[in-house]
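A.B. asks: This is the structure, below, for whatever I ask next.
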Amino acid sequence: MMFRNVINRIAVFIVTLVASSIIVFLLLSALPGDAASTSLGTDASAAALVAKRHELGLDQPLPIRYWVWATNILQGNMGISAISGVNIATDVFNGLQVTLILVITAMIIALIIAFGFGILAARFQDRAFGFIISVLSQVGIAIPSFLAGLILVIVFAVQLRILPATGWVAPDDPGGFASHLILPAFSLGLVQGAIMSRYVRSAMLEVIGDDFMRTARSKGLSRNGALRRHGIRNALVPIMNVAGIEMASMLIGAVVVERVFEIRGLGSLLISSVENRDLPEVQSIVMVLVVLVLVVNLIVDLLSAVIDPRIRGAR
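Take the sequence shown: its letters are residues 4 to 318, numbered as in my numbering.
See below:
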């Protein structure tokens with residue numbers, strides 16, 4: 004049953020990936036202008052444009068162009084930037100490393116905040132402490148990531164001067180790397196942590212009222228002990244689904260945060276590519292982001308089936 008479930012999920016992943024790639028390709032191909040006009044500029048002659056389009060294969064029918072693009076992407080060949088003339092795959096790989104480090108660190112921060120605040124809010128739901136936590140999480144939800152980033156910069160970089168306001172340092176320098184990572188990761192993680200804490204609170208409240216929790220209490224476990232041994236595990240599945248969605252949101256939100264902190268990640272690369280109308284690079288970056296989101300969803304689905312046997316039996 005488990006093996007068949009995994010095969011089904013992977014099949015859905017592949018079909019979704021192919022459909023997404025077709026949509027990305029068609030949408031970006033429908034935009035005015037192309038790589039030939041971007042590469043040669045507005046002063047290029049008509050003959051030069053025709054020759055360049057033929058060289059890039061842009062005069063081929065759409066299905067052939069899609070097939071060539073998709074097969075090249077699968078082989079790691081993303082082409083050459085129409086603006087800089089450098090290998091797009093190298094640029095994307097370098098940016099991807101930075102973005103993944105930022106997003107994974109932000110997700111760890113968000114999960115710590117979500118579980119800490121969510122469990123406390125559920126545990127003390129009828130007390131003033133629980134009310135204060137709920138208010139704080141609402142405030143966190145209302146603050147956009149870029150605004151959280153600006154506030155953190157003003158406090159820790161401008162006023163206290165203990166952390167750098169912008170830039171990025173490679174992990175080869177652990178001290179510099181950590182100091183440059185803290186503010187952008189917290190900017191991204193704080194808001195998502197506040198959002199997820201609401202789901203953690205709801206999931207924990209639902210679990211607290213279940214029969215198995217009353218059974219655990221009747222066997223002598225304290226309320227906190229029953230929560231630790233039985234409550235958290237049963238609340239994990241809905242929380243994981245939300246975490247998967249929020250992880251995808253972080254990948255998109257990283258675009259703004261990287262811009263605020265002047266980090267050369269995938270988001271910054273995407274914005275500069277759009278500004279320069281470098282369509283081959285935009286297509287490649289968008290496709291990489293789509294793949295990341297789909298992979299995150301696939302992992303969440305598989306982990307949910309592992310944690311909760313009811314899901315395995317239902318599929």
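Ideal placement from N, C-alpha and C gives every residue a C-beta, glycine not left out. In this text the structure is predicted, and so the values were computed from the model without any measurement.
Among L166, T19, L292 and V194, which has the Cα closest to the Cα of V95?
C.D. replies: As a working note, residue 95 is residue 92 in the sequence shown. With distances taken between Cα atoms, V95 lies closest to L292.
A.B. asks: Distance check for G196 and L297, CA to CA, integer angstroms please.
C.D. replies: The residue given as residue 297 occupies position 294 in the sequence shown. The residue given as residue 196 occupies position 193 in the sequence shown. In a straight line, the C-alpha of L297 is about 21 Å away from that of G196.
A.B. asks: G179 lies in the alpha helix (DSSP H); which residues open and close that run?
C.D. replies: Along the sequence shown, read from residue 1 onward, the residue named residue 179 stands at position 176. Its alpha helix (DSSP H) spans residues P177 to I211.
A.B. asks: Any heavy atom of the ligand GDP closer than 8 Å to the CB of V27?
C.D. replies: Summarising the ligand content, the structure contains no ligands, and the ligand GDP is consequently not present.
A.B. asks: Considering N75, what are the terminal residues of the alpha helix (DSSP H) in which it resides?
C.D. replies: Position 72 of the sequence shown, counted from the first residue, corresponds to residue 75. Taken as a continuous stretch (DSSP letters only), the alpha helix (DSSP H) holding N75 covers L65 to L77.
A.B. asks: For the candidate residues N300, E278, F189 and N227, whose alpha-carbon lies nearest to that of V240?
C.D. replies: Within the sequence shown, residue 240 is the residue found at index 237, counting from 1. Comparing Cα positions, the closest option is N300.
A.B. asks: Distance, Cα to Cα, S190 vs V260?
C.D. replies: Mapped onto the sequence shown, residue 190 falls at position 187. Mapped onto the sequence shown, residue 260 falls at position 257. When rounded, the distance between both Cα atoms is 7 Å.
A.B. asks: Can you tell me the Cα-Cα spacing of M253 and A50, whole angstroms?
C.D. replies: Mapped onto the sequence shown, residue 253 falls at position 250. Mapped onto the sequence shown, residue 50 falls at position 47. Distance between the alpha carbons of M253 and A50 is about 45 Å.
A.B. asks: For the alpha helix (DSSP H) containing R220, name the first residue and the last one.
C.D. replies: As a position in the sequence shown, residue 220 is number 217, starting the count at 1. Note, R220: alpha helix (DSSP H), D214 to S221.
A.B. asks: Assuming I146 and V194 make a contact with CB atoms under 8 Å, what is their CB distance in whole Å?
C.D. replies: If you number the sequence shown from 1, residue 146 lands on position 143. If you number the sequence shown from 1, residue 194 lands on position 191. About 6 Å; that satisfies the 8 Å criterion.
A.B. asks: Is there a Cβ from chain B that is less than 9 Å from the Cβ of L30?
C.D. replies: Looking for chain B here will not work: only one protein chain is present.
A.B. asks: Using the three-state DSSP reduction, which class does I135 fall into: helix, strand or coil?
C.D. replies: As a working mapping, residue 135 is identified with position 132 in the sequence shown. DSSP places I135 in helix when its eight states are reduced to three.
A.B. asks: List the endpoints of the continuous alpha helix (DSSP H) containing T102.
C.D. replies: As a first step, residue 102 must be located in the sequence shown, where it is residue number 99. Run containing T102: I91 to R126, per the alpha helix (DSSP H) assignment.
A.B. asks: Could you check the C-alpha separation between V263 and V289 for me, to the nearest Å?
C.D. replies: Stepping through the sequence shown from its first residue, residue 263 is reached at position 260. Stepping through the sequence shown from its first residue, residue 289 is reached at position 286. So the two alpha carbons sit approximately 20 Å from each other.
A.B. asks: By the 10 Å Cβ neighbour count, where 16 or more other Cβ atoms means buried, how is V3 classified, buried or exposed?
C.D. replies: Within the shown structure, residues of the chain are numbered from 4 to 318, placing residue 3 beyond reach of any answer.
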